[in-house]
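Asker: Have a look at this one before I ask anything.
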Amino acid sequence: MEEEKSENSADNDTQDARLGRVERLEQSLYSRRSETVERAHRRLGAYRKDIQGEWEHEKKESDVTPLAYKPRPQGKFAARTFLLLSFAFFLVAAGISAYLFLIGQNIISSDNIDIAISGPTTVDGGEEASLQITLTNNNTTDLLLADLIVEYPPGTRSAVDVTRELPRVRETVGTIRSGESIQKSTRAILFGEEGSAQSIRVTLEYTVIGSNATLHKEKIYNVFLGSSPAGLTVHTIKKANSGQEMQLDVVVSSNASVVTEDVLLIADYPFGFSFVSAQPRPTFGTNVWRVGDLPPEGKQKFKIIGTIAGQDGDERIFRFATGIQPDANERTIETPLMTSIQSVYIERPFIGVDFLVEDKKADEHIVLSGKTLRADVAWVNNLQTAIDNVEIEVRIKGDALDKNSVMSQRGFFRSVDNVLRWDSQTVDVLRSITPGETGNVSFGFSTLQKSSAIMMALRNPELIFEVTVRGQRVSESNVPEKLESTATTRVIINTDVTIAPRLTRLSGPFINTGPIPPQADKESTYTVTWSLTNTTNELSGGQVIATLPSFVRFMNIVEPTTESVSFHEIGGLVIWNVGTLKAGIGGIAAPREVSFQVVFTPSVTQIGNGVDIMGVAEFTGKDRFTGADVRSSARALTTRFSTEPTFKMRDGIVVP
Numbered sequence: 008m009e010e011e012k013s014e015n016s017a018d019n020d021t022q023d024a025r026l027g028r029v030e031r032l033e034q035s036l037y038s039r040r041s042e043t044v045e046r047a048h049r050r051l052g053a054y055r056k057d058i059q060g061e062w063e064h065e066k067k068e069s070d071v072t073p074l075a076y077k078p079r080p081q082g083k084f085a086a087r088t089f090l091l092l093s094f095a096f097f098l099v100a101a102g103i104s105a106y107l108f109l110i111g112q113n114i115i116s117s118d119n120i121d122i123a124i125s126g127p128t129t130v131d132g133g134e135e136a137s138l139q140i141t142l143t144n145n146n147t148t149d150l151l152l153a154d155l156i157v158e159y160p161p162g163t164r165s166a167v168d169v170t171r172e173l174p175r176v177r178e179t180v181g182t183i184r185s186g187e188s189i190q191k192s193t194r195a196i197l198f199g200e201e202g203s204a205q206s207i208r209v210t211l212e213y214t215v216i217g218s219n220a221t222l223h224k225e226k227i228y229n230v231f232l233g234s235s236p237a238g239l240t241v242h243t244i245k246k247a248n249s250g251q252e253m254q255l256d257v258v259v260s261s262n263a264s265v266v267t268e269d270v271l272l273i274a275d276y277p278f279g280f281s282f283v284s285a286q287p288r289p290t291f292g293t294n295v296w297r298v299g300d301l302p303p304e305g306k307q308k309f310k311i312i313g314t315i316a317g318q319d320g321d322e323r324i325f326r327f328a329t330g331i332q333p334d335a336n337e338r339t340i341e342t343p344l345m346t347s348i349q350s351v352y353i354e355r356p357f358i359g360v361d362f363l364v365e366d367k368k369a370d371e372h373i374v375l376s377g378k379t380l381r382a383d384v385a386w387v388n389n390l391q392t393a394i395d396n397v398e399i400e401v402r403i404k405g406d407a408l409d410k411n412s413v414m415s416q417r418g419f420f421r422s423v424d425n426v427l428r429w430d431s432q433t434v435d436v437l438r439s440i441t442p443g444e445t446g447n448v449s450f451g452f453s454t455l456q457k458s459s460a461i462m463m464a465l466r467n468p469e470l471i472f473e474v475t476v477r478g479q480r481v482s483e484s485n486v487p488e489k490l491e492s493t494a495t496t497r498v499i500i501n502t503d504v505t506i507a508p509r510l511t512r513l514s515g516p517f518i519n520t521g522p523i524p525p526q527a528d529k530e531s532t533y534t535v536t537w538s539l540t541n542t543t544n545e546l547s548g549g550q551v552i553a554t555l556p557s558f559v560r561f562m563n564i565v566e567p568t569t570e571s572v573s574f575h576e577i578g579g580l581v582i583w584n585v586g587t588l589k590a591g592i593g594g595i596a597a598p599r600e601v602s603f604q605v606v607f608t609p610s611v612t613q614i615g616n617g618v619d620i621m622g623v624a625e626f627t628g629k630d631r632f633t634g635a636d637v638r639s640s641a642r643a644l645t646t647r648f649s650t651e652p653t654f655k656m657r658d659g660i661v662v663p
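Numbered per our numbering, the sequence shown spans residues 8 to 663.
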């Protein structure tokens with residue numbers, strides 16, 4: 008045991024020797040051994056160092072001994088190293104040069120491919136343009152599977168078949184050897200706006216040995232159009248009075264030597280212009296015409312009529328454009344050919360004129376047939392001088408006028424051409440109108456009754472009132488100058504719809520059952536028929552609505568079955584969705600009718616009385632010509648009806 012203890016002690020001493028002072032101290036602090044190590048305390052003593060009192064002026068060379076000394080290389084060795092490094096650099100440079108010379112010459116670059124295009128820089132629209140294309144391969148290797156692609160601007164046509172569009176051409180070239188030049192040619196007919204630049208894209212696609220990638224080189228060639236293949240001229244007045252009717256004459260002509268196909272004319276009207284008519288009529292809306300195919304030197308004329316409105320000094324700009332329409336959208340232009348801009352200046356009229364109907368100034372008035380109306384022509388002198396010998400004329404156009412109704416105290420109505428006229432012989436003030444003076448003349452008229460044969464035959468009836476005021480003034484050169492102002496107003500006539508409901512027992516499409524007269528607490532069936540008539544204009548969105556009381560039940564039997572009649576239990580509404588109602592229904596054609604069956608179960612509280620078994624029927628719809636809402640209503644239906652000759656009034660009174 009003592010030997011083991013001594014051995015362990017020896018091992019510990021060996022291990023402690025390996026540890027530093029700090030580690031041994033830390034180990035002793037946390038050690039479980041109870042023995043205490045006593046350490047001797049050292050006393051600090053005085054330390055003395057002799058320091059020389061003066062500088063040492065002389066030091067022997069032998070006293071300075073460097074810590075390490077390495078002799079520098081001799082000059083011959085440095086020169087040898089430099090020569091070796093230079094020779095190595097030379098070998099590397101020579102190797103790189105040889106690689107670039109022997110191998111690098113086979114690298115393909117699109118910069119070494121030249122595309123030369125020769126052709127006209129300016130060509131007239133609709134004329135043939137021919138291009139010569141030279142492809143040169145300046146690379147040291149061949150170009151394989153080469154294709155030449157020529158992409159033309161929109162609207163380009165084939166020179167072989169002008170009816171065929173030519174968006175692009177692809178031609179197989181094949182192999183272009185190193186240093187070889189190949190020439191190709193292409194032809195096409197260009198269309199576009201005069202002075203526009205037409206860009207033609209030429210692309211060479213190719214591959215090279217050892218690669219599947221398709222490479223390309225492209226070049227853009229611009230051709231300017233000297234003249235458009237389609238000419239466009241617009242003629243109209245330069246100045247117009249506000250409210251004046253004006254005319255625009257448009258001519259589309261061909262400048263090309265081949266047929267120009269699918270030509271479209273589009274007008275862009277300014278604010279304040281109201282389209283009235285055009286000849287020929289627009290293909291779409293009021294401003295798009297399909298001109299079609301224009302042969303060489305072909306020409307087509309268009310006449311547009313409308314009214315212009317604005318303030319004094321306003322400029323109104325009309326824009327017209329011709330071009331080739333695409334297949335996808337026939338109302339637009341894909342390739343512009345020609346544009347034209349026309350300006351019209353608004354000036355205050357010498358004589359201001361307003362036409363009023365029922366004391367209302369408007370370009371359009373909506374009235375009912377057979378209605379008597381009052382019209383006024385109001386005028387004002389806008390000049391700084393007097394206007395003499397003034398004449399006022401109102402021309403009435405339209406078949407809906409009741410000529411016998413036209414009346415004017417101071418004017419004369421010429422019924423042969425429907426013209427009302429006032430002058431200085433009938434109105435003294437018209438002899439001379441002073442600057443700023445105002446006045447008016449009036450007359451009365453009415454439209455035809457809806458029951459008249461003429462009105463029943465008319466469709467979309469209207470009256471056009473064309474007002475013209477003429478006069479004279481003396482100009483600064485003492486020369487009489489004629490003045491004229493105009494105004495136009497439309498009076499459009501609303502259609503007249505009538506709904507006629509009837510209740511039947513013995514007639515109609517259904518067999519009715521139950522006691523007659525109706526008996527309390529017992530069911531009796533009746534047939535309800537709604538009949539519609541419509542005079543002059545077609546209606547849309549037509550609908551008839553009526554209400555059934557709680558003691559009447561809807562049987563859901565309708566005739567004809569093609570009509571849409573529905574019943575809504577909440578509220579007891581019966582709704583007939585009429586939809587479109589043709590003009591002339593009930594006049595030159597049979598009325599439009601629908602019938603359905605109802606069940607009436609009277610109460611004892613209704614004994615001795617006739618009973619309303621359906622409320623007021625009301626029709627609503629929209630006049631497609633005037634745009635106005637149309638309404639019509641009819642009386643409620645009662646059991647005391649007189650629509651059947653064999654049915655007595657007492658048969659409608661509830662009995663016990």
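Heads up, the beta-carbon is just placed ideally off N, CA and C, and yes, glycines get one too.
1. Shortest alpha-carbon distance to P348 belongs to which of V169, V257, L490?
2. Taking only three categories from DSSP, how would you classify L375?
3. So, are the CB atoms of G451 and V436 less than 7 Å apart?
4. Taking the continuous alpha helix (DSSP H) assigned at I122, which residues delimit it?
5. What did DSSP end up calling V611 once you bin it into helix, strand or coil?
6. By the three-class DSSP mapping on this structure, what secondary structure does A136 have?
7. Out of G617, G615, N544, state which residue places its alpha-carbon closest to the alpha-carbon of G594.
8. Who are the near neighbours of G305 in its chain, counting only those whose CB is closer than 6 Å to its CB and skipping five residues on each side?
9. Quick one: give me the first and last residue of the alpha helix (DSSP H) that M463 is part of.
10. Use the C-beta contact count for F97: other C-beta atoms within 10 angstroms, 16 or more gives buried, fewer gives exposed.
11. In the DSSP assignment, what residue or residues form a beta bridge with G586?
12. Using the C-alpha atoms, what's the distance from V270 back to E187?
13. Do three or more CB pairs link the stretch 324-343 to the stretch 238-245 at distances below 8 Å?
14. Hey, how far is the Cα of G515 from the Cα of I506?
15. Under 7 Å between the Cβ atoms of P667 and W296?
16. In its own chain, which residues sit with a C-beta less than 6 Å from the C-beta of R560, not counting the 5 before and 5 after it?
17. Is it the case that the Cβ atoms of I394 and G478 are separated by a distance below 7 Å?
18. By how many angstroms is the C-alpha of V572 removed from the C-alpha of V661?
19. Grouping DSSP H, G and I as helix and E and B as strand, with all else coil, what is N425?
20. Which residues in the same chain have their Cβ closer than 8 Å to the Cβ of K67, if we skip the five residues on either side of it in sequence?
21. Give the DSSP bridge partners of K655, in chain order.
22. If N396 and P356 are in contact, beta carbons under 8 Å, what's the gap, nearest whole angstrom?
23. Does DSSP classify V618 as helix, strand or coil?
24. Return the first residue and the last residue of the beta strand (DSSP E) that L152 is part of.
25. Use the C-beta contact count for Q205: other C-beta atoms within 10 angstroms, 16 or more gives buried, fewer gives exposed.
26. Whole-angstrom Cβ separation of E600 and T511, contact assumed at under 8 Å?
27. Taking C-alpha atoms, which residue in I331, T646, V434 lies nearest to K614?
28. Considering only the alpha carbon of each residue, which of S538, Y533, T569, G548 lies closest to L555?
29. Use the C-beta contact count for K457: other C-beta atoms within 10 angstroms, 16 or more gives buried, fewer gives exposed.
30. Would a C-beta distance cut-off of 7 Å place P236 and G132 closer than the cut-off?
31. Excluding five sequence neighbours on each side, which residues of the same chain lie with their C-beta closer than 6 Å to the C-beta of F282?
32. Can you tell which of S538, M656, L580, T542 has the C-alpha that lies nearest to the C-alpha of P567?
33. When the Cβ atoms of the stretch 162-177 are set against those of the stretch 114-125, are three or more pairs found closer than 8 Å?
34. Does the stretch 409-420 come close enough to the stretch 487-506 to have 3 or more Cβ pairs within less than 8 Å?
35. As a quick exercise: from E201, G181, G202, pick the residue whose alpha carbon is nearest that of V215.
36. Under a Cβ-count criterion, where at least 16 other Cβ atoms within 10 Å of its own Cβ denotes burial, should S649 be classed as buried or exposed?
Answerer: Here's the rundown:
1. First, the amino acid is wrong: residue 348 is Ile here, not Pro. Of the listed residues, the one whose Cα sits closest to I348 is V257.
2. coil
3. no
4. Taken as a continuous stretch (DSSP letters only), I122 belongs to no alpha helix (DSSP H), being part of the beta strand (DSSP E) at 120-125.
5. helix
6. strand
7. N544
8. S261
9. 460-464
10. exposed
11. G549
12. 45 Å
13. yes
14. 18 Å
15. Residue 667 lies beyond the stretch modelled for the chain, which goes from 8 to 663, so this question has no answer here.
16. V606
17. yes
18. 29 Å
19. coil
20. Its pLDDT being 45, under 50, K67 is placed unreliably in this model, and the coordinates cannot settle the point.
21. BP columns for K655 are empty, so no partner.
22. Between P356 and N396 the Cβ distance is about 17 Å, and since that is not below 8 Å, they are no contact.
23. coil
24. 150-158
25. buried
26. The pair is not a contact, with the Cβ atoms about 12 Å apart (cut-off 8 Å).
27. Checking the sequence shown, residue 614 turns out to be Ile, not Lys. Selected option, being the one with the closest Cα: T646.
28. Y533
29. buried
30. yes
31. T293, G313
32. S538
33. no
34. no
35. G181
36. exposed
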